[in-house]
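J.: Next up is a structure, given as structure tokens.
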Amino acid sequence: NQAKQGNQSVGWYTSDLEEKMAWKLGLIRQLRQDFEQRKLEVWYQPQLCFKTLEVTGCEALLRWPSDNGRYISPGIFVPLAENAGLIVDIGQWVLEQACEQQKKLAAMGKPISVAVNVSVPQFKVPNYAQSVKETLLEYDIEPHFIELEVTESVVMDEVGAVVETLTELQELGVEVAIDDFGTGFSSLSYLQKLPFSRLKIDRAFIKDIPDNDSGAIAELVISLGRHLGRKTIAEGVETQAQSDLLKKMGCDEVQGFMYAKPMPSHEFMAFLKSYKPKASD
Ligand code: C2E
Ligand code: MG
Ligand code: MG
Ligand code: MG
144 NQAKQGNQSV
154 GWYTSDLEEK
164 MAWKLGLIRQ
174 LRQDFEQRKL
184 EVWYQPQLCF
194 KTLEVTGCEA
204 LLRWPSDNGR
214 YISPGIFVPL
224 AENAGLIVDI
234 GQWVLEQACE
244 QQKKLAAMGK
254 PISVAVNVSV
264 PQFKVPNYAQ
274 SVKETLLEYD
284 IEPHFIELEV
294 TESVVMDEVG
304 AVVETLTELQ
314 ELGVEVAIDD
324 FGTGFSSLSY
334 LQKLPFSRLK
344 IDRAFIKDIP
354 DNDSGAIAEL
364 VISLGRHLGR
374 KTIAEGVETQ
384 AQSDLLKKMG
394 CDEVQGFMYA
404 KPMPSHEFMA
414 FLKSYKPKAS
424 D
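See the structure below:
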């Protein structure tokens, strides 16, 4: 760092790499502290049925408030938490928050499902399915109201062990979705063996509609889902053109800023209370 070097004593030197490491370590330390002090938040984004525009579920998404009133993106801190071994505890906390949220929704007369993202290290904890079962029992939640979103990186990690865990989860009655589908290039032959109920089409295959390939990959995933007898949900839908095309292709559900952004718990409850599906054809 040139600027610092100028007025520091001779030999004081930090390479870019060291600086980056220090930045990461500082962030991890702060994250651990903020998690322990219960400063993390879980926000919720609605998921809608394409046909009826009814809200059928929501996705729980971590939020980390920073001092300046802004939020640090989970795209940045979740990978750090994974590497630092923090994601297992944080993930368990998110699951518990999701259970509490589901109870509130049921109490309000809107018993919709809550989807929770699960990282590879969580999946690797021995008896993961058993721990999920215990949490659901503790919170007295019907398993089908909780959906676990796993990415292809989870699936590709150790297929044998993963299939076993997913099977246990399915027997338990929780739903499983394959998140960011199509970005991880997992072998399609694995897909047949995997117990899951939904495919989430990644935003990467949606954001360019109606330009370029006009949703060729989205259409492929939708038809794959149909042939496998699984539901498909499109994530990151921002425009009417995207929505119209995906609906026409037969996509079952939709999640995106066009319908609603992720919201804090109380705001999501208020949203649901006043939400009326607009007439759709
Ligand atoms: P994801 O699971 O694929 O979540 C969907 C992301 O797309 C969310 O980003 C959501 O805010 C964003 N999104 C939804 N609709 C739109 C849209 O119309 N336009 C755009 N531009 N974005 C949209 P977010 O909340 O920043 O989360 C990023 C990623 O961080 C998640 O991707 C997930 O991989 C990870 N993550 C978030 N919460 C958790 C968690 O509790 N546990 C774990 N393990 N990972 C999490
Ligand atoms: Mg997700
Ligand atoms: Mg996703
Ligand atoms: Mg994604």
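With my numbering as the guide, the letters of the sequence shown map in order to residues 144 to 424. Where is the CB? At the ideal position from N, CA and C, for every residue including glycine.
1) Cβ of E197 within 8 Å of Cβ of P420?
2) Which whole-angstrom value describes the C-beta separation of L229 and F178, a residue pair presumed to lie in contact below a C-beta threshold of 8 Å?
3) Which same chain residues, not among the five before or five after L315, have their C-beta less than 8 Å away from its C-beta?
4) On the criterion of 16 or more Cβ atoms from any shown chain inside 10 Å, does F400 qualify as buried, or is it exposed?
5) Closer than 7 Å: is that where the CB of K343 sits relative to any heavy atom of ligand 3?
6) The alpha helix (DSSP H) that contains S158, what's its start and end?
7) Please find out if some non-hydrogen atom of ligand 2 comes closer than 7 Å to the beta-carbon of D322.
8) Closer than 8 Å is the cut-off here; do at least three beta carbon pairs connect the stretch 251-267 with the stretch 198-206?
9) Please report the residue range of the alpha helix (DSSP H) in which D387 lies.
10) Since K343 and A359 should fall inside the 8 Å C-beta cutoff, what is the C-beta to C-beta distance between them, to a whole number of angstroms?
11) My output table needs one value for R206: the three-state DSSP class, helix, strand or coil.
12) Just checking my contact of S256 with E318 at CB under 8 Å: how many whole Å lie between their CB atoms?
13) Taking the straight line between their C-alpha atoms, what separation do you get for K167 and G212?
14) Just to confirm the assignment, what range does the beta strand (DSSP E) spanning R341 have?
15) I'd like the ranges of any beta strand (DSSP E) spanning at least 3 consecutive residues and lying wholly in the stretch 183-258.
16) According to DSSP, simplified to helix, strand and coil, what is L363?
17) Check the C-beta distance from G379 over to K350 and give it rounded, since I have them as a contact under 8 Å.
18) Taking the alpha carbon of K390 as the point to measure from, which residue in G325, I352 and D322 has its own alpha carbon closest?
19) Go ahead and pull the three-state DSSP assignment for D283.
20) Could you spell out the range, first to last residue, of the beta strand (DSSP E) harbouring E318?
21) Is there a Cβ from chain C that is less than 8 Å from the Cβ of L170?
22) Taking the alpha helix (DSSP H) that L309 belongs to, which residues open and close that run?
T.: Looking at the atomic coordinates:
1) Remark: C-beta atoms of E197 and P420 approach each other more closely than 8 Å.
2) The C-beta distance from L229 to F178 rounds to 7 Å, short enough to meet the 8 Å contact threshold.
3) Closer than 8 Å at the Cβ level, and outside the excluded window around L315, lie A272, V275, K276, L279 and P286.
4) Counting Cβ neighbours within 10 Å, F400 comes out exposed, since fewer than 16 surround it.
5) K343 has its Cβ nearer than 7 Å to a heavy atom of ligand 3.
6) For S158, no alpha helix (DSSP H) segment is defined, and its DSSP state is neither H nor E.
7) Between ligand 2 and the CB of D322, the shortest heavy atom gap is smaller than 7 Å.
8) Three or more beta-carbon pairs separated by less than 8 Å link the stretch 251-267 to the stretch 198-206, which places the two stretches in contact.
9) Where D387 is concerned, the enclosing alpha helix (DSSP H) starts and stops at Q383 to K391.
10) Their Cβ separation, rounded to whole angstroms, is 18 Å, which puts K343 and A359 out of contact at 8 Å.
11) Three-state result, R206: strand.
12) So it is a contact: roughly 7 Å between Cβ atoms.
13) Rounded to the nearest angstrom, the two C-alpha atoms are 20 Å apart.
14) R341 to I344 is the span of the beta strand (DSSP E), which, as asked, contains R341.
15) As for any beta strand (DSSP E) of minimum length 3 sitting wholly inside the stretch 183-258, the runs are 184-192 and 198-208, ordered along the chain.
16) Here DSSP, grouped into helix, strand and coil, assigns L363 to helix.
17) Their Cβ separation, rounded to whole angstroms, is 6 Å, which keeps G379 and K350 in contact under 8 Å.
18) The shortest C-alpha separation from K390 is found at I352.
19) Here D283 carries a coil assignment [DSSP, helix/strand/coil].
20) Where E318 is concerned, the enclosing beta strand (DSSP E) stretches over E318 to F324.
21) Given the protein chain composition of this structure (a single chain), no chain C is represented.
22) V302 to L315 is the extent of the alpha helix (DSSP H) around L309.
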